Amino acid sequence: MAIRVTFLPSLQHLSVATIAIAVYNNPRISFLVDELEELEGTCEEITCYTHRHRVQEKWLIIQDKVVNQLSGYLPFSICKKVAGCLRSIHSEVIKWKFDHYEILSDDVNFKRLLCWKSEGTIDRLLTAKELIRKRSLETKKLFVVACTYFLMSDIIILFKKMSVASLRALYHGTTNLVIRFWIERMIEDSRISWVWNMLDQQYVSSKLRAQFIKQNDNYRIRLSSFFHMLTPIDRRGYFLFNQWSEKLHHDDLRFCFYQMTETEQKEIFCFCPLLVLQTHLEWPLQSVFMNMIDLLGPNLRDLTFGYGAIYILSAKIKQGWKDADYVKILRQYWHRCSDDLKEISKETDLYESLMITLNYNKSYPFPIEQILESYFPFCTFVHEPFV
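Each step along the sequence shown adds one to the number in the numbering used here, with nothing skipped, and position 184 is 178.
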């Protein structure tokens, strides 16, 4: 049986996410977030203490402003939750921008075109359709969007509007194998059916293998658009693809993982376990993270557990993320670690900060990330496994 973790967001989660999206799109908050985005872009080093501190400080200012604005309308606890997940809403936008960087235009206010799911994530397929419907970009870029999301009818219409020079530039440029596939397909037969049959799927699988991805391809691939058409062997090629995070969309693993068979799921977990764990620690899946851990059970080695603990502590708690109770998650996670791993961890530089976090009480006068910074201002632990 394949691994099945069902994500069913609570009514409170749906309400908080809906409010957070509305707040994020508020012009006053949007202006502050845009300023923060510029600050984030000045330094990409996670180990840069000064930069990290400034980013966290800016987020606290934004979150406090949100709480103050909403406190007259909502219970304080809900205001805090809305403010806490605002950073995750922004992260969704940043990831979408990154995955579509090559087609974005500076003169397009893309934020107003984004379509959101009730869970608080961007509906990328619906957004792609909206971009095409409103003709928000030049024809060449809209064609790229249609190809990326396998929007058959739009591909046919836009292909006919493309000049030979534009098609040649896309085909011979540093785009990706999906765009080259569609150009070849349309040139071979521009009257292709809008309905996929078995032969079409076999054709897709033979043309869109991971091995055909070029090193200098700049346009990211939307694997989940055609993953279901790939043969088991070609799907496996993507599992073993060592540039998953560099060439594919950020949320592809989430959607592809649950289309896999049990054997495929175990295989990808063996090959890149931390990537699977990280996926289930991202908004909005944190609530099912421990369910995933329990289901994987015997497949989790101590090394994976060690890196997982480091990731929660370093990338979530110390970075000041408030979209989930990461201290609680870390406690539950640590409880499932083996006694051997707990013993080994005592010999690492991580142990003291780990114990401080596990014993942290919300009644303390300072947030946990501030306490960790005061003890370990220049250490992020990302390099140090337990075993």
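No residue lacks a Cβ here, since even glycine has one placed at the ideal position from N, Cα and C. On a predicted model such as this, the values are computed, not experimentally measured, just so you know.
- Between K134 and K154, the alpha-carbon positions lie close to 11 Å from each other.
- The residues R214, H243 and H244, in chain order, have a CB closer than 7 Å to that of D93 in the same chain once the five nearest residues on each side in sequence are set aside.
- For the pair L247 and S112, the CB atoms are not nearer than the 8 Å cut-off.
- The Cβ neighbour count for M286, taken over all protein chains shown within 10 Å, is at least 16; the residue is labelled buried.
- Using a Cβ-Cβ distance cut-off of 8 Å, the stretch 272 to 292 and the stretch 315 to 322 are in contact, since at least three pairs of beta carbons, one from each stretch, lie closer than that value.
- DSSP, reduced to helix, strand and coil, places L297 within a helical segment of the structure shown.
- Judged by DSSP in its simplified three-state form, L98 adopts coil rather than helix or strand.
- The residues D246, F249 and C250, in chain order, have a CB closer than 6 Å to that of S218 in the same chain once the five nearest residues on each side in sequence are set aside.
- Nearest to Y143 by C-alpha distance, out of M156, A159, I126 and S157, is I126.
- In this structure, the straight-line span from the alpha carbon of R216 to that of N355 is close to 42 Å.
- In its chain, beyond the 5 residues on either side, L275 and Y320 have a beta carbon closer than 7 Å to the beta carbon of K310.
- The shortest C-alpha to C-alpha distance from D288 to any of R230, L271, C79 and K201 is the one to L271.
- Setting aside the 5 residues that flank it on each side, V198 is surrounded in the same chain by F220 and M223, each with a C-beta closer than 7 Å to its C-beta; the list follows chain order.
- Residue pairing of L324 in beta bridges, as defined by DSSP: absent, with no partner found.
- Taking the C-beta atoms as reference points, T115 is found nearer than 8 Å to E86.
- Around D58, the same chain offers A77 as residues with beta carbons nearer than 8 Å, after the five sequence neighbours per side are excluded.
- Positions of the alpha helix (DSSP H) runs, each at least 4 residues long and wholly inside the stretch 299 to 368, are given as 320 to 329, 333 to 339 and 344 to 352 in order along the chain.
- According to the DSSP assignment, L164 belongs to the alpha helix (DSSP H) that extends over V158 to H166.
- E182 places its beta carbon 8 Å or farther from that of R229.
- Taking every protein chain shown into account, the CB of F70 has fewer than 16 other CB atoms within 10 angstroms, so this residue is exposed.
- Apart from sequence neighbours up to five positions away, the residues of its chain that approach K89 with a beta-carbon distance below 6 Å are H244, ordered along the chain.
- At the C-beta level, L33 and W53 stay beyond 8 Å of one another.
- The beta-carbon distance between L268 and Y301, rounded to whole angstroms, is 5 Å. This is short enough to meet the 8 Å contact definition.
- Residue state for I116 is assigned as strand, using DSSP reduced to three classes.
- Between the C-alpha atoms of R203 and N210 there is a straight-line separation of about 16 Å.
- Comparing alpha-carbon positions, the option among E341, K312, Q313 and M349 lying closest to W328 turns out to be M349.
- The DSSP-derived three-state label of L242 is strand.
- If you draw a straight line from the Cα of K322 to the Cα of V139, it is about 40 Å long.
- A check of alpha carbon separations from E256 across L290, L307, E367 and S332 identifies L290 as the nearest.
- Counting of Cβ neighbours within 10 angstroms places H166 among the exposed residues, the total staying below 16.
- The residue among C79, Q313 and L294 with its C-alpha nearest the C-alpha of I365 is Q313.
- The beta carbon of C331 sits closer than 6 Å to those of F299, all from its chain and outside the five residues before and after it, given in chain order.
- In the DSSP assignment, no residue is bridged to W53.
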